[in-house]
Amino acid sequence: MTKNWKRNLIGGLSFTSMLFIFQACYGTPHDVGYDVLVEGNVKSKTTGQPIKGIKVAPYNDIQQVFTDENGNFSFYILADYSIGLRFEDVDSTLNGGFASKDTVLTNLTSQIFVNIALDSK
Amino acid sequence: MIRLINGALFRKFKQIETEIHELNYLFWECTTRCNLNCLHCGSDCAKDSKFQDMPFADFLAALDTIESKPAHFTVVLTGGEPLLRKDIETCGREIRKRGMRWSMVSNGLLYEKEMHNKLLNAGMGALTFSLDGLQENHNWLRNNKNSFAKVDLAIDLAVRSPRLNFDVVTCVNKRNIAELPDIYNYLLNKGVKAWRLFTIVPIGRATENEDLFLTDQQFKETLDFIANMREINQLDVKFSCEGFVGKYESKVRDSGFFCRAGINIGSILIDGSISACPNIDRSFAQGNIYKDNFYQIWQTKFEAFRNREWTKTGECNNCGDYKDCQGNGMHYWHGNRKNVLTCHNHKLKMYFWNKRKQI
Chain A
0 MTKNWKRNLI
10 GGLSFTSMLF
20 IFQACYGTPH
30 DVGYDVLVEG
40 NVKSKTTGQP
50 IKGIKVAPYN
60 DIQQVFTDEN
70 GNFSFYILAD
80 YSIGLRFEDV
90 DSTLNGGFAS
100 KDTVLTNLTS
110 QIFVNIALDS
120 K
Chain B
0 MIRLINGALF
10 RKFKQIETEI
20 HELNYLFWEC
30 TTRCNLNCLH
40 CGSDCAKDSK
50 FQDMPFADFL
60 AALDTIESKP
70 AHFTVVLTGG
80 EPLLRKDIET
90 CGREIRKRGM
100 RWSMVSNGLL
110 YEKEMHNKLL
120 NAGMGALTFS
130 LDGLQENHNW
140 LRNNKNSFAK
150 VDLAIDLAVR
160 SPRLNFDVVT
170 CVNKRNIAEL
180 PDIYNYLLNK
190 GVKAWRLFTI
200 VPIGRATENE
210 DLFLTDQQFK
220 ETLDFIANMR
230 EINQLDVKFS
240 CEGFVGKYES
250 KVRDSGFFCR
260 AGINIGSILI
270 DGSISACPNI
280 DRSFAQGNIY
290 KDNFYQIWQT
300 KFEAFRNREW
310 TKTGECNNCG
320 DYKDCQGNGM
330 HYWHGNRKNV
340 LTCHNHKLKM
350 YFWNKRKQI
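Protein sequence lines, in the order shown, are assigned to chains A and B. 0 is the number of the first residue of the first sequence in numbering that gives the first Met the number 0; add one for each residue after it. 0 is the number of the first residue of the second sequence in numbering that gives the first Met the number 0; add one for each residue after it.
Rendered as structure tokens:
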């Protein structure tokens, strides 16, 4: 503990505080970003049954994930004050036809669970 | 005066860091298979590696021995080419479940939109691509005519993801040194934020090709280029942490030279060996996950990394800059360890000495 305190002080005094975050030769930069693990489940509002193949995507982002056979999905996305998600049925009538839905997540913690029910088309 | 005080404080800082030796950066050499056959490869990776990929469960068992995980502890997947493994996404998710971050070094050949999406979904937070020149020179060094086109697309994907702490690394050599300004402009136009430059270590296949190694003058020109670009400050350009560069130290990096191998950086290599950076001579291995407790080895061994007095030999013996350099990067000690493979500081001194002689 004492050594950690000394390290921070001396590192700061010698203007090397940025050295606490470094990249090794032939390695990557340290990951110092913030993200959120968003997990969830998508069901049919009509039947209560899970829906497979629903595309879940944050607004304005190339990331996307699809629900599995139990309607579950899970992905890490960039943390922000709020996160807008779009749930979209993109496989036509393969797993039934459902209307798209948007939701905005606020009060973010490092891990969030979302339950979504989609209306039939 | 301020420089002297700052230098003394920095040496003290390094000493304390060494005593604490907090592990916060772990390489996992998850495969030695590679889909390229680069001219400069230090590990002689090949399409058909003599090693099987390490089963992920074996790596996880070693990872689970780590008792203290500081914030931003990062597991760096390296190879070979990590994307040749089919389970990278699963590996990433399991690492995140354990409260650690993960990142990857890739040649970009297999890095396409679907892969990018999968890796981001699995919580990848940092990424490095190798780019060793514009089309002709990159493809020459990478020994593949499609390599530039592939990494070009991969860079486009990476820069569009603000979540990623992303940079590009370039091995400077005789062929690409003249086009460094063009590479700079290319990266700037792409939207890349950070660029690290290396020289090539004379090991592995690299030893066979004289074109790969810079003359003293070219090395000095490379550092001048980095220093100038840092002045302009449009892109975070830096010289890698590979070696001590004397009076250029404050001009080409954010901070002074500090080889953290075995101090903050550990590795689990393809055969289970426990070491530091994967490019360090394998004879420095401190144990093996298949018979030792990884974290116990980290805590109790690594003497050669944490006390570098043994490097006071050969060229380093009686060197006036030893206290700041401490034997250069650990990956420059191979074979009988009687002399450092490359002394960057010496290259600079030789350049200036020869210049004075000409005058």
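Glycine included, every Cβ here is placed at the ideal spot set by N, Cα and C. All figures in this text were calculated on a predicted structure; none of them were measured in a lab.
### Query
Nearest CA to the CA of Asn84/B: which residue from Ala260/B, Glu230/B and Asp52/B?
Translated into positions along the second sequence, residue 84/B becomes position 85. It should be pointed out that residue 84/B corresponds to Arg in this sequence rather than to Asn. Nearest option by C-alpha distance: Asp52/B.
### Task
In angstroms with no decimal places, state the Cα-to-Cα distance between Phe197/B and Gln295/B.
Position 198 of the second sequence, counting from 1, holds the residue named residue 197/B. Position 296 of the second sequence, counting from 1, holds the residue named residue 295/B. So the alpha carbons of these two residues sit roughly 33 Å apart.
### Message
What does the alpha-carbon distance come out to for the pair Gly32/A and Ala78/A?
### Response
By one-based count along the first sequence, residue 32/A stands at place 33. By one-based count along the first sequence, residue 78/A stands at place 79. Cα to Cα, Gly32/A sits roughly 9 Å from Ala78/A.
### Task
Answer yes or no: does any C-beta atom of chain B fall closer than 8 Å to that of Val113/A?
Counted from its first residue, the first sequence places residue 113/A at position 114. No - not a single Cβ of chain B is within 8 Å of the one on Val113/A.
### Message
If distances are taken between C-alpha atoms only, which option among Ala70/B, Cys40/B, Ala121/B and Gly242/B comes closest to Asn106/B?
### Response
Within the second sequence, the letter at position 107 stands for residue 106/B. Per the Cα distances, Cys40/B.
### Beta carbon proximity, Thr127/B to chain A, threshold 8 Å
If you number the second sequence from 1, residue 127/B lands on position 128. Chain A contact via Cβ: present.
### Query
Using the beta-carbon of each residue, which ones in chain A are nearer than 8 Å to Tyr406/B?
In the structure as shown, chain B begins at 0 and stops at 358. Residue 406/B is therefore absent and cannot be evaluated.
### Under 8 Å between C-beta atoms of Pro57/A and Gly70/A
Indexing the first sequence from 1 puts residue 57/A at position 58. Indexing the first sequence from 1 puts residue 70/A at position 71. Not a contact, by the Cβ cut-off of 8 Å.
#### Entry: Where Ile288/B sits in the DSSP three-state scheme
In the second sequence, the residue the question calls residue 288/B occupies position 289. Of the three classes helix, strand and coil, the one that applies to Ile288/B here is coil, per DSSP.
### Own chain partners of Leu234/B with C-beta closer than 8 Å, once the 5 adjacent residues on each side are dropped
Looking up residue 234/B in the second sequence gives position 235. Here the set comprises Tyr183, Leu186, Leu187, Val191, Lys192, Ala193, Trp194 and Met228.
### Task
State yes or no: is the beta carbon of Asp90/A nearer than 8 Å to at least one beta carbon in chain B?
Here residue 90/A refers to the residue found at position 91 of the first sequence. Taking Cβ atoms only, chain B never reaches closer than 8 Å to Asp90/A, which makes this a no.
### Query
Within this structure, are the beta carbons of Phe97/A and Val37/A separated by less than 8 Å?
For the purposes of this step, residue 97/A is identified with residue 98 of the first sequence, where counting begins at 1. For the purposes of this step, residue 37/A is identified with residue 38 of the first sequence, where counting begins at 1. No; because the gap between Cβ atoms is not below 8 Å, this pair is not in contact.
### Task
Compare the beta carbon distance of Asn120/B and Leu35/B with 8 Å and say whether it is the shorter of the two.
As a position in the second sequence, residue 120/B is number 121, starting the count at 1. As a position in the second sequence, residue 35/B is number 36, starting the count at 1. Not closer than 8 Å, so no.
#### Entry: Residue ranges of each alpha helix (DSSP H) within the region 80 to 151 of chain B, 4 or longer
87 to 96, 112 to 120 and 134 to 141
### Task
Just mark Lys346/B as buried or exposed, buried being the case when its beta carbon has 16 or more other beta carbons within 10 Å.
Position 347 of the second sequence, counting from 1, holds the residue named residue 346/B. With 16 or more Cβ atoms within 10 Å of its Cβ, Lys346/B is classed as buried.
### Task
Note the first and the last residue of the continuous alpha helix (DSSP H) segment covering Phe218/B.
As a first step, residue 218/B must be located in the second sequence, where it is residue number 219. Note, Phe218/B: alpha helix (DSSP H), Asp215 to Ile231.
#### Entry: Beta bridge counterpart(s) of Arg195/B as assigned by DSSP
Walking along the second sequence from the start, residue 195/B turns up at place 196. DSSP, once it has assigned bridges, lists Val168/B and Lys237/B as partnering Arg195/B.
### Best match in Gln110/A, Gly95/A and Thr27/A for proximity to Glu87/A [C-alpha to C-alpha]
Sequence index remark: in the first sequence, residue 87/A carries index 88 (1-based). Closest by alpha carbon: Gly95/A.
### Task
Using the Cα positions of Leu340/B and Ile65/B, report the straight-line distance between them to the nearest angstrom.
Walking along the second sequence from the start, residue 340/B turns up at place 341. Walking along the second sequence from the start, residue 65/B turns up at place 66. So the two alpha carbons sit approximately 33 Å from each other.
### Task
Please confirm if Phe239/B has its CB atom under 8 Å from at least one CB of chain A.
Within the second sequence, residue 239/B is the residue found at index 240, counting from 1. With the sequence shown as reference, residue 239/B is identified as Ser, and Phe is not the correct amino acid for it. Answer yes: the Cβ-Cβ gap between Ser239/B and chain A drops below 8 Å somewhere.
### Message
Can you look up Asn184/B in the DSSP assignment and give me helix, strand or coil?
### Response
By one-based count along the second sequence, residue 184/B stands at place 185. Correct three-state label for Asn184/B: helix.
### Query
So does the region 301 to 316 of chain B actually touch the region 209 to 229 of chain B, counting three or more Cβ pairs closer than 8 Å?
no
### Query
Straight-line CA distance for Cys258/B to Lys54/A?
Position 259 of the second sequence, counting from 1, holds the residue named residue 258/B. Position 55 of the first sequence, counting from 1, holds the residue named residue 54/A. Distance between the alpha carbons of Cys258/B and Lys54/A is about 45 Å.
### Query
Pro161/B versus chain A: which residues are under 7 Å apart at the beta carbon?
Walking along the second sequence from the start, residue 161/B turns up at place 162. Residues of chain A passing the Cβ test: Leu77.
### Query
Residues in its own chain within less than 7 Å of Pro28/A by CB, not counting five upstream and five downstream?
To locate residue 28/A, count along the first sequence from 1; it is residue 29. Hits under 7 Å: Gln22.
### Task
Report all residues from its chain with a CB closer than 7 Å to the CB of Leu3/B; omit the five preceding and five following residues, and keep chain order.
On the second sequence, position 4 is the one that residue 3/B refers to. Within the same chain, Leu3/B has no close Cβ partners at all.
### Task
Note down, in chain order, each residue of its chain lying with its Cβ closer than 6 Å to the Cβ of Tyr289/B, except the 5 sequence neighbours on either side.
Translated into positions along the second sequence, residue 289/B becomes position 290. So the qualifying residues of the chain are Gly271.
### Task
With 8 Å as the threshold, decide whether the Cβ of His330/B is near any Cβ in chain A.
Taking the first residue of the second sequence as 1, we reach residue 330/B at position 331. Output row for His330/B: interface = yes.
### Query
Can you pull the DSSP bridge partners for Asp34/A?
Reading the first sequence from its first residue, position 35 is the one you call residue 34/A. Beta-bridge pairing links Asp34/A to Leu77/A.
### Query
From Leu213/B, Asn138/B and Gly124/B, pick the residue whose C-alpha is nearest to that of Pro130/B; which is it?
Start at 1 with the first residue of the second sequence, and residue 130/B comes out as number 131. Per the sequence shown, residue 130/B should be read as Leu rather than Pro. Closest option to Leu130/B, Cα to Cα, is Asn138/B.
### Query
Looking at the structure shown, is Thr45/A part of a helix, part of a strand, or coil, going by DSSP?
Within the first sequence, residue 45/A is the residue found at index 46, counting from 1. Three-state result, Thr45/A: coil.
#### Entry: Own chain, CB closer than 6 Å to Asn23/B, minus 5 neighbours either side, in chain order
In the second sequence, counting from the first residue as 1, residue 23/B sits at position 24. Closer than 6 Å at the Cβ level, and outside the excluded window around Asn23/B, lie Pro69, Phe72 and Asn263.
### Query
Between the C-alpha atoms of Trp101/B and Ser266/B, what's the straight-line distance to the nearest angstrom?
Sequence index remark: in the second sequence, residue 101/B carries index 102 (1-based). Sequence index remark: in the second sequence, residue 266/B carries index 267 (1-based). Computed Cα separation, rounded: 13 Å.
#### Entry: Inter-residue Cα distance where the pair is Ser16/A and Tyr80/A
In the first sequence, the residue the question calls residue 16/A occupies position 17. In the first sequence, the residue the question calls residue 80/A occupies position 81. Note that Ser16/A scores a pLDDT of 49, beneath 50, so its modelled location is shaky; the value from the coordinates is reported in the next line. Taking the straight line joining both Cα atoms gives about 28 Å.
### Query
Among the residues of its own chain, which have a CB less than 6 Å from the CB of Lys348/B, if the five just before and after it don't count?
Stepping through the second sequence from its first residue, residue 348/B is reached at position 349. Correct list: empty, nothing qualifies.
### N-terminal and C-terminal residue of the alpha helix (DSSP H) that Gln298/B is part of
On the second sequence, residue 298/B is found 299 positions in, with the first residue counted as 1. Here the alpha helix (DSSP H) through Gln298/B covers Phe293 to Thr299.
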